[in-house]
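Under my numbering, the first residue of the sequence shown is numbered 86, with each subsequent residue one higher.
Where is the CB? At the ideal position from N, CA and C, for every residue including glycine.
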Amino acid sequence: PPSPPPPLTHLVSHIIGLLQSGSPTTLSTVVPTLGVLVKSELGREEFGRNGGVGYVARHLRGKGEGEKIGAQTTYELGFCLWTMTYSPLLRSDFQSSDCIPILCSLVTSAQREKVVRVAVASLVNLTKGNMGIEGEGEVGLEKQFIESMIGCGLLKTVKNMMERQWADPDIVADVTLLNKVLVENYKDFSTWDKYQAEVKSGRMEWGVTHTEKFWRENARNMEGDDFQTLKLLVSLLSSPDDETVSIAAYDMGEWARFYPNGRSLVKKLGGKDVVMGLIDSENPEVARNALQCVSKVMVTNWEFVH
């Protein structure tokens, strides 16, 4: 592709410098300019080529972790992300920047309808392969995006959204389409696929995959990809979400019970040490599940302890 003109390169470089500074005042000043820039295909590509998806994602993720970003700035950041879903060459950046959980969170928690609209529209675009453009970008990522959406519990959210009245007809159309795609793909998921997708999403909720019966039947599935799912589970013990931490502790304890040599693997990966530190948690559910997990990892015949 032809090189972008020097003024554009300088502008993008300046915007990225301001995004890196991270202060709420700077953000509310620079994001409207960015919103104009990404309306141009050339501007969008140059911003994206310099890590743009990651910078926008970082600020939207920060909002969920307490960064003070107003509704208008959230909308403008979401709009920028949505425009970049139209660039096939940037699709792998959406994967590496872990954008699906961020967009799902916006759909679930945003108060303003226009924020929901850009988040839902972004998700719809990411389910559509390479937007019909052949030979560019990375093929097959849409399957991973859909898997991540299912793991984030988006299907349940979308079903609830279909019951609501929306002033914006675009939301109605996109929610209907998203529901269709998610339902079709959900059918093809085994219970273990759903569990893996949930762990990869970084956020877990209590359900059928967090039971003794599930682990009795699926403990050996954890072996895949050099125990990658177990490693992710250990990392979720440090999640800022208390329910996710409780479930991660419960699952790790159950897996250790049912997998031969599971106890020593949990210790080797540092899971026991992390969970020991959770026993004193101020959250009673976290403390209870952490204590039970440690007991299961330490005691060989756990079922006789009750």
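_Spatially closest choice to leucine 267 from Ser275, Lys241, Trp167, Ala333, by CA coordinates_ = Counted from its first residue, the sequence shown places residue 267 at position 182. When only C-alpha atoms are compared, the closest one is Lys241.
*8 Å Cβ cutoff met for glutamate 339 and glutamate 297*: The residue given as residue 339 occupies position 254 in the sequence shown. The residue given as residue 297 occupies position 212 in the sequence shown. Yes.
*From what residue to what residue does the alpha helix (DSSP H) around alanine 341 run?*
Reading the sequence shown from its first residue, position 256 is the one you call residue 341. 327 to 343 is the span of the alpha helix (DSSP H), which, as asked, contains alanine 341.
*Inspect the CB distances between the stretch 194 to 214 and the stretch 242 to 259 and report whether three or more fall short of 8 Å.*
yes
*From asparagine 270 to valine 330, what distance separates their C-alpha atoms?*
Taking the sequence shown and counting its residues from 1, one reaches residue 270 at position 185. Taking the sequence shown and counting its residues from 1, one reaches residue 330 at position 245. Taking the straight line joining both Cα atoms gives about 28 Å.
*Between the stretch 305 to 317 and the stretch 357 to 374, do three or more beta carbon pairs fall short of 8 Å?*
The stretch 305 to 317 is not in contact with the stretch 357 to 374.
*Contacting residues, own chain, Cβ-Cβ under 6 Å from tyrosine 344 (five flanking each side not counted)*: Within the sequence shown, residue 344 is the residue found at index 259, counting from 1. Only Ala304 meet the Cβ criterion.
*Is it right to say glutamine 281 is buried, meaning 16 or more other beta carbons lie within 10 angstroms of its own, or is it exposed?*
Along the sequence shown, read from residue 1 onward, the residue named residue 281 stands at position 196. Classification of glutamine 281: buried, given that the 10 Å Cβ count is 16 or more.
_Please list the terminal residues of the continuous alpha helix (DSSP H) segment that includes lysine 394._
There is simply no residue 394 to check, as the chain begins at 86 and stops at 391 in what is shown.
*Please list, in chain order, all residues of the same chain as valine 351 whose beta carbon is under 7 Å from its beta carbon, the five residues on each side excluded.*
Taking the first residue of the sequence shown as position 1, residue 351 is located at position 266. The answer, listed in chain order, is Met337, Ala341, Lys357, Val382.
_Can you look up proline 90 in the DSSP assignment and give me helix, strand or coil?_
Against the sequence shown, residue 90 aligns to sequence position 5. Residue state for proline 90 is assigned as coil, using DSSP reduced to three classes.
*Below 8 Å between beta carbons: does that hold for aspartate 433 and arginine 373?*
Any property of residue 433 remains undetermined from this structure, which presents the chain solely from 86 to 391.
*Grab the span of the alpha helix (DSSP H) containing glutamine 180 for me, first residue to last.*
Indexing the sequence shown from 1 puts residue 180 at position 95. Element bounds for glutamine 180: 176 to 181.
*Are the beta-carbon atoms of leucine 93 and glycine 128 separated by less than 8 Å?*
If you number the sequence shown from 1, residue 93 lands on position 8. If you number the sequence shown from 1, residue 128 lands on position 43. Closer than 8 Å, so yes.
*On a CA-only basis, which of Val200, Asp273, Gly292 is nearest alanine 156? Give me that one, please.*
Position 71 of the sequence shown, counted from the first residue, corresponds to residue 156. Residue Val200 is the option with its Cα nearest to alanine 156.
_methionine 289, DSSP secondary structure in three states_ = One-based indexing of the sequence shown puts residue 289 at position 204. The answer is coil: DSSP assigns methionine 289 none of H, G, I, E or B.
*Can you grab the Cα-Cα spacing for the pair serine 172 / phenylalanine 132, in whole Å?*
Translated into the one-based positions of the sequence shown, residue 172 becomes position 87. Translated into the one-based positions of the sequence shown, residue 132 becomes position 47. Roughly 11 Å separates the two Cα atoms.
*Quick one: grab the DSSP three-state call for tyrosine 171.*
Numbered from its first residue, the sequence shown carries residue 171 at position 86. Tyrosine 171: coil per DSSP, three-state reduction.
*Backbone CA spacing between asparagine 210 and glutamate 130 [nearest angstrom]*: Position 125 of the sequence shown holds residue 210. Position 45 of the sequence shown holds residue 130. Going from the Cα of asparagine 210 to the Cα of glutamate 130 covers about 17 Å.
*CB-CB under 7 Å to alanine 375, same chain, minus the five flanking residues each way: which ones, in chain order?*
Walking along the sequence shown from the start, residue 375 turns up at place 290. Close CB contacts of alanine 375 within its chain, under the 7 Å cut and outside five residues either way in sequence, are with Ala334, Val360, Leu363, Ile364, Ser366 (chain order).
*Alpha carbon of glycine 163 to alpha carbon of leucine 145, nearest angstrom*: For the purposes of this step, residue 163 is taken as the residue at position 78 of the sequence shown. For the purposes of this step, residue 145 is taken as the residue at position 60 of the sequence shown. If you take the alpha carbons of glycine 163 and leucine 145, they lie about 8 Å apart.
*Run the CB neighbour count on threonine 170, radius 10 Å, all protein chains shown included, and call it buried at 16 or more, exposed below.*
Against the sequence shown, residue 170 aligns to sequence position 85. Threonine 170 should be labelled buried.
*asked:* isoleucine 101 and tyrosine 140 - do their beta-carbons sit closer together than 8 Å?
replied: Along the sequence shown, read from residue 1 onward, the residue named residue 140 stands at position 55. Along the sequence shown, read from residue 1 onward, the residue named residue 101 stands at position 16. Yes, Cβ-Cβ distance for tyrosine 140 and isoleucine 101 is below 8 Å.
*Determine the DSSP secondary structure at alanine 304, reduced to helix, strand or coil.*
In the sequence shown, counting from the first residue as 1, residue 304 sits at position 219. Residue state, collapsed to three classes: helix.
*Whose C-alpha, out of Ile235, Leu104, Leu112, is nearest the C-alpha of asparagine 135?*
Mapped onto the sequence shown, residue 135 falls at position 50. The option with the nearest alpha carbon to asparagine 135 is Leu104.
*Please state whether DSSP places alanine 156 in a helix, a strand or coil.*
In the sequence shown, counting from the first residue as 1, residue 156 sits at position 71. Alanine 156 falls in the helix class under three-state DSSP.
_In whole angstroms, give me the CA-to-CA distance for leucine 96 and leucine 322._
Taking the first residue of the sequence shown as position 1, residue 96 is located at position 11. Taking the first residue of the sequence shown as position 1, residue 322 is located at position 237. Looking at the two C-alpha atoms, the distance is approximately 41 Å.
*Excluding the 5 residues preceding and the 5 following glycine 347 in the sequence, name in chain order all residues of the same chain whose CB lies nearer than 6 Å to its CB.*
Here residue 347 corresponds to residue number 262 of the sequence shown, with the count starting at 1. Within the same chain, glycine 347 has close Cβ partners Trp340, Ala341.
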